[in-house]
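Peer 1:
Protein chains in written order, with the numbering used here: chain A, 1 to 651; chain B, 1 to 123.
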């Protein structure tokens with residue numbers, strides 16, 4: 001019993017929404033009333049800050065005892081905060097959207113106003129700081145950087161937690177006051193002031209002992225009437241000299257600069273051009289290094305070439321990172337989606353997120369959002385069971401949805417995992433059979449079965465729900481992910497849950513690849529997909545009909561694809577003993593691709609091939625080498641699929 | 001009985017205004033934003049003795065609403081509700097024909113004093 005309660009308390013820590021928190025608190029209240037005090041303590045302790053600044057004695061004296069008013073306030077403020085949370089995340093993609101900016105500003109403004117009437121001074125002060133901070137964003141004095149947005153989101157959470165104290169204490173003003181006193185708002189406020197920190201001209205003049213409080217009052221009153229600048233009035237009234245104002249303004253600017261001048265705005269087109277150019281530079285550099293070190297053996301030259309290489313590599317990394325934004329920004333948006341979806345279908349979902357700081361190309365981030373939303377909504381609608389159902393099978397009432405991002409070589413891996421019922425394999429097989437895709441399920445791996453879900457028009461759900469059945473299936477998810485050269489896979493265990501794994505390249509602009517010769521042309525195979533490069537002697541090879549081969553390698557039979565045949569080259573090596581075989585794994589099946597020779601490994605800038613090749617799925621792009629020759633970048637999926645189709649390869 | 005039309009987006013503030021005014025025998029009309037207020041004015045044509053308009057509201061703010069009201073009614077007093085941060089908007093409101101303003105948060109007595117004063121002035 002106690003363990004269950006502790007578990008619930010622990011869950012509470014990662015809980016997101018007010019409703020869910022309240023639900024848990026309510027149920028615990030019913031179970032053992034004593035736990036309430038522990039729970040409260042835990043909940044409130046979490047908010048305590050190390051830095052202690054005491055509230056003034058009478059700080060909470062004027063809190064209203066009107067329960068109805070407090071209730072109105074809670075409903076209204078939480079509504080404002082929820083909306084602000086969504087809007088602020090949207091703002092990252094649409095930083096000049098005036099409606100959103102106004103709406104967020106109004107949320108803080110309104111909460112501040114209401115709180116001030118009800119004597120909720122702590123809430124008033126925190127929302128006042130947030131309003132100040134956000135007004136700087138609104139007036140373009142501050143750019144809505146990730147840091148700023150994070151600070152605002154943090155503030156929204158903070159406000160929600162403070163507001164929740166009122167409900168937790170069941171509107172008992174004495175208890176509320178007590179808890180309020182233990183929540184320190186000043187360290188958050190001082191953090192915000194560190195950003196908004198520029199002082200008003202009046203404050204600076206007062207610090208310099210040029211004017212006193214009375215003067216400030218007088219000037220402010222006049223300011224309301226005349227709308228003139230503070231400094232102007234101060235000089236007119238002969239409180240200070242013009243020189244004083246100039247010094248004060250300079251001081252103010254100096255403080256503001258700390259936050260503003262760290263950024264320059266660059267158009268995305270220009271950035272792309274730069275990435276392109278740096279990519280070429282990388283290639284040229286590696287050519288020069290190779291050529292020169294072959295021609296001249298000189299230690300000094302080698303040293304220079306190495307440092308040249310280092311500089312260019314670091315330059316390339318910086319340039320690529322310039323177009324990158326952290327995936328955490330869409331994670332925040334997903335949190336809102338998760339919360340709303342769970343509410344729609346009356347399920348309880350805890351969210352766990354990891355790797356928010358992982359950075360991705362801005363183009364990629366924009367395209368990955370919709371598929372993620374789809375997967376997440378699916379997981380809540382179809383994956384996670386209703387609380388009662390979960391309880392019956394011995395799971396906690398709240399489902400867990402994990403979303404994580406991490407680096408894997410030149411790829412980013414995004415994992416979305418739920419602890420729901422898992423995918424029903426039988427159902428998929430039945431559907432596949434009824435659609436005439438297969439005759440029976442013999443020899444089908446789970447992965448192959450789950451892959452059917454990615455086919456257009458394949459949905460096993462009888463009837464459509466409001467959540468996932470909108471005529472958009474997983475086929476669209478797959479298509480979207482593939483459009484950014486990504487891959488998606490499903491793993492699912494009955495009763496335990498489902499996991500989506502999405503792999504996407506860090507950037508679409510530069511790949512590391514093996515330069516190969518096939519016939520008369522140069523082809524580039526992406527480095528990541530190649531498991532190994534091997535040559536074969538007679539004994540390993542079985543010749544099949546149609547000039548195809550099969551090799552036995554590391555305990556597996558690997559079909560060999562002659563690249564020259566697929567690429568329709570003329571004079572390529574048809575005898576596999578002379579060729580070099582790149583072993584790749586695609587859809588968990590190993591293939592060997594036979595090329596004439598491998599020239600080396602190199603970073604390559606991918607360029608669009610233009611309309612001539614646009615419809616050819618075998619190529620993902622082209623590249624120009626330092627010596628002016630052209631290479632084609634192979635799209636492995638397109639390559640393998642075209643083999644399957646043309647050769648009727650039954651794998 | 002005098003009628004006050006209070007236009008304010010915050011439910012909390014709206015209720016406070018209503019409570020204070022009703023306890024003093026005023027009749028109170030309410031709207032959540034400028035757009036809603038205009039709709040009520042146009043459809044019901046209520047007889048209003050004084051308007052209280054919040055400056056910062058969604059859909060249509062108080063300043064815009066004031067301009068709209070002044071198109072057909074130049075005499076009814078209009079009090080603007082504002083905060084410290086919005087003080088700069090007072091001048092604009094004055095130019096459009098606002099009769100007075102109250103800065104939030106306000107206390108009961110000074111608030112009533114302003115309302116009574118403006119009503120007497122008109123009467």
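Positions of the beta carbon are idealized from the N, C-alpha and C atoms, including for glycine.
Which residue spans inside the segment 273 to 352 of chain A form an unbroken alpha helix (DSSP H) run of at least 4?
Peer 2: Fully enclosed alpha helix (DSSP H) runs of 4 or longer: 299 to 322, 328 to 344.
Peer 1: Three-state secondary structure (DSSP) at residue 37 of chain A?
Peer 2: As a working mapping, residue 37 of chain A is identified with position 37 in the first chain. Note that residue 37 of chain A has pLDDT 44, beneath the 50 cutoff, so the model's placement of it is unreliable and no number is given.
Peer 1: Counting Cβ pairs closer than 8 Å, one from the segment 25 to 42 of chain B and one from the segment 55 to 75 of chain B, do we hit at least three?
Peer 2: The answer is yes - the segment 55 to 75 of chain B touches the segment 25 to 42 of chain B, with three or more Cβ pairs under 8 Å.
Peer 1: Measure the C-alpha to C-alpha separation of residue 366 of chain A and residue 484 of chain A and round it to an integer number of angstroms.
Peer 2: Here residue 366 of chain A is taken as the residue at index 366 of the first chain, counted from 1. Here residue 484 of chain A is taken as the residue at index 484 of the first chain, counted from 1. Rounded to the nearest angstrom, the two C-alpha atoms are 10 Å apart.
Peer 1: Does residue 468 of chain A come out as helix, strand or coil in the three-state DSSP assignment?
Peer 2: If you number the first chain from 1, residue 468 of chain A lands on position 468. Unreliable placement is indicated for residue 468 of chain A, whose pLDDT of 48 sits below 50; the coordinate value is still reported in the next sentence. Reduced to three states, the DSSP call for residue 468 of chain A is coil.
Peer 1: For the alpha helix (DSSP H) holding residue 390 of chain A, just list the boundary residues, first then last.
Peer 2: For this step, residue 390 of chain A is matched to residue 390 along the first chain. Start and end: 387 to 392.
Peer 1: Determine, for residue 374 of chain A, whether the minimum Cβ-Cβ distance to residues of chain B falls below 8 Å.
Peer 2: Counted from its first residue, the first chain places residue 374 of chain A at position 374. Chain B, which has no Cβ nearer than 8 Å to the Cβ of residue 374 of chain A, makes this no.
Peer 1: On the three-state DSSP scale, how would you describe residue 95 of chain A?
Peer 2: Your numbering for residue 95 of chain A matches position 95 in the first chain. Coil, per DSSP.
Peer 1: Could you pull the DSSP bridge partners for residue 652 of chain A from this structure?
Peer 2: Not covered by the structure: residue 652 of chain A. The range shown for chain A is 1 to 651.
Peer 1: Let me check understanding here. Comparing Cα to Cα, which of B/105, B/5, B/19 lies closest to residue 41 of chain B?
Peer 2: Start at 1 with the first residue of the second chain, and residue 41 of chain B comes out as number 41. It is B/5.
Peer 1: Taking the C-alpha atoms as reference points, what is the distance between residue 52 of chain B and residue 360 of chain A?
Peer 2: Looking up residue 52 of chain B in the second chain gives position 52. Looking up residue 360 of chain A in the first chain gives position 360. Residue 52 of chain B and residue 360 of chain A: Cα-Cα distance of roughly 51 Å.
Peer 1: Identify the contact partners of residue 110 of chain A in chain B, using a Cβ-Cβ distance below 7 Å as the criterion.
Peer 2: As a working mapping, residue 110 of chain A is identified with position 110 in the first chain. Within chain B, the residues near residue 110 of chain A are 9, 10.
Peer 1: Under 8 Å, Cβ to Cβ, is there at least one residue of chain B near residue 118 of chain A?
Peer 2: Translated into positions along the first chain, residue 118 of chain A becomes position 118. Closer than 8 Å: yes.
Peer 1: Rounded to the nearest angstrom, what separates residue 382 of chain A and residue 336 of chain A at their Cα positions?
Peer 2: For the purposes of this step, residue 382 of chain A is identified with residue 382 of the first chain, where counting begins at 1. For the purposes of this step, residue 336 of chain A is identified with residue 336 of the first chain, where counting begins at 1. Whole-angstrom Cα-Cα distance: 18 Å.
Peer 1: Considering only their Cβ atoms, is the gap separating residue 102 of chain B from residue 79 of chain B smaller than 8 Å?
Peer 2: Residue 79 of chain B sits at position 79 when you count from the first residue of the second chain. Residue 102 of chain B sits at position 102 when you count from the first residue of the second chain. Yes, they are a contact pair.
Peer 1: DSSP puts residue 543 of chain A in a beta bridge; with which residues?
Peer 2: Here residue 543 of chain A is taken as the residue at index 543 of the first chain, counted from 1. The partner list for residue 543 of chain A (beta bridge, DSSP) reads A/549.
Peer 1: Measuring only the C-alpha atoms, how far is residue 572 of chain A from residue 622 of chain A?
Peer 2: Looking up residue 572 of chain A in the first chain gives position 572. Looking up residue 622 of chain A in the first chain gives position 622. Residue 572 of chain A and residue 622 of chain A: Cα-Cα distance of roughly 20 Å.
Peer 1: Leaving out the 5 sequence neighbours to the left and right, which residues in its chain are closer than 7 Å to residue 281 of chain A when beta-carbon positions are compared?
Peer 2: Within the first chain, residue 281 of chain A is the residue found at index 281, counting from 1. The residues are 312.
Peer 1: Going straight from the alpha carbon of residue 560 of chain A to that of residue 295 of chain A, what length do you get?
Peer 2: Start at 1 with the first residue of the first chain, and residue 560 of chain A comes out as number 560. Start at 1 with the first residue of the first chain, and residue 295 of chain A comes out as number 295. Cα to Cα, the separation comes out at about 38 Å.
Peer 1: Give the DSSP bridge partners of residue 36 of chain B, in chain order.
Peer 2: Along the second chain, read from residue 1 onward, the residue named residue 36 of chain B stands at position 36. DSSP, once it has assigned bridges, lists no residue as partnering residue 36 of chain B.
Peer 1: What would DSSP say about residue 82 of chain B, mapped onto helix, strand or coil?
Peer 2: In the second chain, the residue the question calls residue 82 of chain B occupies position 82. If DSSP states are grouped into helix, strand and coil, residue 82 of chain B belongs with the strands.
Peer 1: Can you give me the Cβ contacts of residue 469 of chain A inside the same chain, cut-off strictly under 6 Å, excluding the 5 residues immediately before and after it?
Peer 2: The residue labelled residue 469 of chain A in the question sits at position 469 within the first chain. The predicted position of residue 469 of chain A is uncertain, since its pLDDT is 42 and thus under 50; a value taken from the coordinates is nonetheless stated next. Here the set comprises nothing.
Peer 1: Strictly below 7 Å CB to CB, what residues from chain B border residue 72 of chain A?
Peer 2: Working through the first chain from its first residue, we reach residue 72 of chain A at position 72. Within 7 Å Cβ-Cβ: 11, 12, 15.
Peer 1: Does the distance from the CB of residue 458 of chain A to the CB of residue 478 of chain A come in under 8 Å?
Peer 2: Working through the first chain from its first residue, we reach residue 458 of chain A at position 458. Working through the first chain from its first residue, we reach residue 478 of chain A at position 478. No, they are not a contact pair.
Peer 1: What residues from chain B crowd round residue 76 of chain A, counting only those whose CB sits closer than 8 Å?
Peer 2: Here residue 76 of chain A refers to the residue found at position 76 of the first chain. Per Cβ cutoff of 8 Å: 10, 11, 12.
Peer 1: Could you name the residues of the segment 103 to 119 of chain B whose beta carbon sits closer than 7 Å to any beta carbon of chain A, in the order they occur along the chain?
Peer 2: Flagged, chain order: 104, 105.
Peer 1: Short check: CB of residue 652 of chain A to CB of residue 155 of chain A, under 8 Å?
Peer 2: In the structure as shown, chain A starts at 1 and stops at 651, and residue 652 of chain A therefore has no counterpart that could be examined.
Peer 1: Is it right to say residue 453 of chain A is buried, meaning 16 or more other beta carbons lie within 10 angstroms of its own, or is it exposed?
Peer 2: For the purposes of this step, residue 453 of chain A is identified with residue 453 of the first chain, where counting begins at 1. By the neighbour-count rule (16 or more Cβ atoms within 10 Å), residue 453 of chain A is buried.
Peer 1: For residue 80 of chain A, is the classification buried or exposed, using 16 other Cβ atoms within 10 angstroms of its Cβ as the cut-off for buried?
Peer 2: Indexing the first chain from 1 puts residue 80 of chain A at position 80. Buried.
Peer 1: To which residues does DSSP link residue 607 of chain A through a beta bridge?
Peer 2: Counting from one through the first chain, the residue named residue 607 of chain A turns up at place 607. BP columns for residue 607 of chain A point to A/622.
Peer 1: Which residues, in chain order, does the segment 57 to 68 of chain B contribute to contact with chain A at a C-beta distance below 7 Å?
Peer 2: Here the close residues are 58.
Peer 1: Residue 114 of chain A versus chain B: which residues are under 7 Å apart at the beta carbon?
Peer 2: Within the first chain, numbered from 1, the residue matching residue 114 of chain A stands at position 114. Correct list: 10, 12, 13.
Peer 1: Round the Cβ separation of residue 420 of chain A and residue 353 of chain A to the nearest angstrom and send it over; I've been treating them as touching at under 8 Å.
Peer 2: Locating residue 420 of chain A in the first chain gives position 420, where the first residue counts as 1. Locating residue 353 of chain A in the first chain gives position 353, where the first residue counts as 1. With a Cβ gap of about 18 Å, residue 420 of chain A and residue 353 of chain A do not count as contacting.
Peer 1: Confirm, please, whether the CB-CB distance from residue 592 of chain A to residue 566 of chain A is below 8 Å.
Peer 2: Position 566 of the first chain, counting from 1, holds the residue named residue 566 of chain A. Position 592 of the first chain, counting from 1, holds the residue named residue 592 of chain A. Taking 8 Å as the Cβ cut-off, residue 566 of chain A and residue 592 of chain A do not qualify as a contacting pair.
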